[in-house]
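Sequential numbering from 118 applies to the sequence shown in the numbering used here.
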Amino acid sequence: MSNIQFAQLSDHINCEPITKIDPKALIGHWINSNPDTNSIARINITEANNKLKLQVFAVGPDGPIDWGLVSAEVFASGPASSTGAGFTCTYDFGFAEARFQAMIMKGLLVLAEFHIFKDDSKRASYFLREYFASTHEHF
118 MSNIQFAQLS DHINCEPITK IDPKALIGHW INSNPDTNSI ARINITEANN KLKLQVFAVG
178 PDGPIDWGLV SAEVFASGPA SSTGAGFTCT YDFGFAEARF QAMIMKGLLV LAEFHIFKDD
238 SKRASYFLRE YFASTHEHF
């Protein structure tokens, strides 16, 4: 492959260097828009030490299951933008991984979930897409 500087037309721009992507649109309390979900009920997103942090609460048999905090990588809305529009992160449980890709769309947090089992349970890896509404409470 030749030494190309862009892979698609939208990458081919001239702009000032982006030093930090502003995650403000992602930060807050997010609640699953499906009250009958059996997956993730809510997500708290914060920023600490210039890192985006996620805390996921999944639906459990006796109440929410706190998955703890993980760091997420923030992505801008375009190559010349400093506005945060999405993120990726991974929760590693040992027996399984949950990989997330998320974006803001029409005021909702759209979460693509990739669940991969690493044990010998013979469970199939699976994909979910869920939508979360902001409670408009910011940290």
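Where is the CB? At the ideal position from N, CA and C, for every residue including glycine.
Asked                                                                                                : Found
Inter-stretch contact at 8 Å, needing at least 3 Cβ pairs: the stretch 193-209 / the stretch 134-143 : yes
Host beta strand (DSSP E) of D183 (start-end)                                                        : I182 to A193
Residue burial classification, I162 (beta-carbon count within 10 angstroms, cutoff 16)               : buried
Segment limits, beta strand (DSSP E) that includes L143                                              : No beta strand (DSSP E) contains L143, which DSSP labels as neither H nor E.
Presumed contact (8 Å Cβ cut-off) between F249 and F231, rounded CB distance                         : F249 to F231, Cβ: 17 Å. No contact.
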